[in-house]
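Residue numbers (the working numbering), protein chains in the order written: chain A, 8 to 602; chain B, 4 to 349. Where is the CB? At the ideal position from N, CA and C, for every residue including glycine.
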């Protein structure tokens, strides 16, 4: 029996909604399941706004949440009622039996449950108060109830609970009592839903699975790749990269500096990269705007550096806690002049780890800034990731010049066949050269002659092509049906997960369908994508921005008609919406004739 | 603001569902809300013995699919208990303190299994059979070729026993004055009917021959009851002990409502209670019957369904009187077996 169960917990800020989801996902991962999880929460700290914790538990890693949940839990009916429809037919709806205050008709969740859903009315508050003396542990009661109801082992949850509340006085003890009360209650109930948890999958050899967020995976990748220096200025949703690095880097003998702003952060990063260190910074859209000029400097001075960018709703300050993929043009084209750079966009949490590590390799190997483009959905979502026991990254991909005994006039920007020039680092005997933001000749000296400008521009562009075949890195990958297909999807970043899910559903409906994820957006894998597009009768490009930025880049590189599916819902794309587009393109939905 | 009437039905059994269907047909624009403590949509409890034949998917027991309720705009509120009815303000209060206002109310809350007072202390050890989950629990607890000791033996219990015997389980019936409930069997006829049960494969023990029960005990802690000890010192051993003593109306929430109650809700022949906006139908009401000059219960799913329909018709403007349509007499077949008309449910 396979496992594919999605749990959604809906509550108000302060109900412990996100904490309950966190404990559940940790527990499920410890049991051995694969998990993907994403939380929605308001900007306010407490007492306002809706919180939703969603986790999908599977036996093979999924890359998106499902459109419908199998279990929906209400910790606050006023917020949960609009979401009752999210629970699928024969799925479970769990809610509080009692109310503290009298309610008008329609204010209790029980009045909104569909006849096809299965109600579980639980005395959540009463169980919390009896077991802990307070109603604060209602969220933990619910965690226990779900575990008991689904007949899952309680010990991994206890360990997750102790881990989460370690060192917080008697909170762990009280929560354990609440968990056990909920668990016993869950065991008592007769199940009427058709939700099944199969046995967890066997562990992969040579790897260990961990539950980790996208930003944490970036940190892990950076550390495993041997990051030396990090310079940053906090900004949502990238802040946790710096926070985590701040605690991890000292243990690795590495240094982190919080700078006064983003301009200083990118400048210091380039300085460290120039000095031969593996250096990075992290920011979001507004910070990337501030870094634009110095990124251009990094391109022209050919300085290795890594910039992690997590997108949020824009422009300007925009919507700091909302998801969007609208900084792609800024990442690929931002800044003045012809300033090519490598832009890679992971599509999963595991991808975050791999891209972070490879970004340092690429920055050194091709002597250029590398942008790792994330988004809020990817930064904040959790997945179980099988980490290799030994880091797969090359610790040194520099091409240093042997300048021993060299004559004066080291050609730092020599015009080589592949465009990559041997470099030197400050203090290297015989490696002295000028590094400047001015256009220069092979020695680095200012030069504005057209021939040299053309030669250096060509060098800066051409050298990046080698990144498309960088060892251990797949710039793009095809999934689904082989050969000719009715509909082909091309997606990037976190949206790929939803596209993949929609593609599988379309295949189940008999539509010949395939999807390509493009991880390297710059330089663009033209040949691979062109080959794929030639196989597609229709092409769909879903993304979370208004303009269809990726579709624009795609059509710039591979001229052909595509259907842009652009949405800005402040949230991830909806699988059902993508599926509808696939059906429409495949002719499975007959559109009404105009009158 | 909508002027559509709001019809509320308490209970989602045969009477409640028939009433909802009739109300929707006769009052298309109305709101209909059906409130039930059950977590399942309407299923026929006479179908429950199918659980012993291995059918465990409750969706196959449900009479109407979810789509039926959606299509007919019947708000089905399951797992919801009514705790009070305010007939003056035309409102009912649910356990979670939600208030629902109604224009008309039909009380079709049915009945729950009755347990004689002297057995109430053993309730945790006895396995019930009124709900789907209880049926599954019994089926899970009963070993292959198991032995069930049945107390009382009402028609629901006897129906279950027929299936159990057919599936090669052993059934020992401790017969008393609840046996055959709700059929009334005279003392003169009783021996023939008891003999008929034996013909059907029952082991029948007349309770009056053993005297009072001294105790009921379980095999081990956590397990259901499996041993009866009588005051005469004799014992009966089995794998399970199940009580079937008939049903009593579920009307706790009507206490204090201002509506007349005796054993059931007292209703006129048109099924209206003493409140002009409140009607009743099913096992929970006693209908004034002119022929005998008192309030009578009527049983059997056909009668109950007819009551649901009649109540709905009268709620929506008719003024028709109740006439039982079901022959309630217990019969003996040519091969000497018992046949209750209540078992003819398909």
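Asked: The segment 25-42 of chain A touching the segment 59-71 of chain A, judged by at least three CB pairs closer than 8 Å; Found: yes
Asked: Residue 428 of chain A vs residue 438 of chain A beta-carbon contact at 8 Å; Found: no
Asked: Interface positions of the segment 184-216 of chain A facing chain B (Cβ-Cβ less than 7 Å), listed along the chain; Found: 197, 199
Asked: Counterpart residues of residue 93 of chain B in DSSP-defined beta bridges; Found: Answer by DSSP bridge pairing: none, since residue 93 of chain B is not bridged.
Asked: Distance between residue 554 of chain A and residue 129 of chain A (C-alpha atoms, nearest Å); Found: 47 Å
Asked: Residue 294 of chain B (DSSP reduced to helix, strand or coil); Found: coil
Asked: Residues from the segment 214-243 of chain B in contact with chain A, defined by Cβ distance under 7 Å; Found: none
Asked: Residue-level contact to chain B via CB, residue 121 of chain A, 8 Å cutoff; Found: yes
Asked: Buried/exposed call for residue 169 of chain A, threshold 16 Cβ in 10 Å; Found: exposed
Asked: Collapsed DSSP secondary structure at residue 214 of chain A in the structure displayed; Found: strand
Asked: DSSP-derived helix/strand/coil call for residue 242 of chain A; Found: coil
Asked: Alpha-carbon spacing of residue 510 of chain A relative to residue 518 of chain A, whole angstroms; Found: 9 Å
Asked: Those runs of the beta strand (DSSP E) which lie wholly inside the segment 530-580 of chain A and span at least 3 residues; Found: 543-550, 570-573
Asked: Limits of the alpha helix (DSSP H) - the one that residue 181 of chain A falls within; Found: 178-195
Asked: Cβ of residue 155 of chain A within 8 Å of any chain B Cβ; Found: no
Asked: Endpoints, alpha helix (DSSP H) assigned at residue 163 of chain A; Found: 162-171
Asked: Beta-carbon neighbours of residue 96 of chain A, restricted to chain B and to distances below 9 Å; Found: 69
Asked: Chain-ordered neighbours of residue 100 of chain B on chain A, where CB pairs are closer than 9 Å; Found: 105, 106, 107, 108, 109, 110, 115
Asked: 8 Å Cβ cutoff, residue 43 of chain B in contact with chain A; Found: yes
Asked: Cβ shell of residue 334 of chain B (< 8 Å), same chain only, five flanking positions each side left out; Found: 341, 342, 343, 344
Asked: Close Cβ partners of residue 4 of chain B (< 6 Å) along its chain, the five nearest in sequence each way excluded; Found: Low confidence applies to residue 4 of chain B: its pLDDT is 44, below 50, so where it sits in the model is not reliable, and the reading given next is rough at best. Contacts found: none.
Asked: For residue 395 of chain A, three-class secondary structure by DSSP; Found: strand
Asked: Given residue 197 of chain A as reference, the closest of B:192, B:155, B:60 once Cα atoms are compared; Found: B:60
Asked: Spatially closest choice to residue 148 of chain B from B:194, B:325, B:243, by CA coordinates; Found: B:243
Asked: Reduced DSSP category for residue 439 of chain A - H, G, I as helix; E, B as strand; rest coil; Found: coil
Asked: Endpoints, beta strand (DSSP E) assigned at residue 493 of chain A; Found: 492-498
Asked: Residue 281 of chain B to residue 90 of chain B span [Cα, whole Å]; Found: 8 Å
Asked: Chain B within 8 Å of residue 126 of chain A, Cβ atoms only; Found: yes
Asked: Residue 68 of chain B, buried or exposed, once every other Cβ within 10 Å from all chains shown has been counted against 16; Found: exposed
Asked: Interface residues of the segment 104-121 of chain B facing chain A [CB-CB below 9 Å]; Found: 104
Asked: Stretch pair the segment 473-487 of chain A + the segment 441-460 of chain A: three plus CB contacts closer than 8 Å; Found: no
Asked: Coarse secondary structure for residue 155 of chain B, derived from DSSP in three states; Found: strand
Asked: CB contact check: residue 297 of chain B to chain A, cutoff 8 Å; Found: no
Asked: Residues near residue 452 of chain A in its chain [Cβ-Cβ closer than 7 Å; skip 5 each side]; Found: 441
Asked: For residue 49 of chain A and residue 99 of chain B, the rounded distance between their alpha carbons; Found: 28 Å
Asked: Residue 265 of chain A vs residue 502 of chain A beta-carbon contact at 8 Å; Found: no
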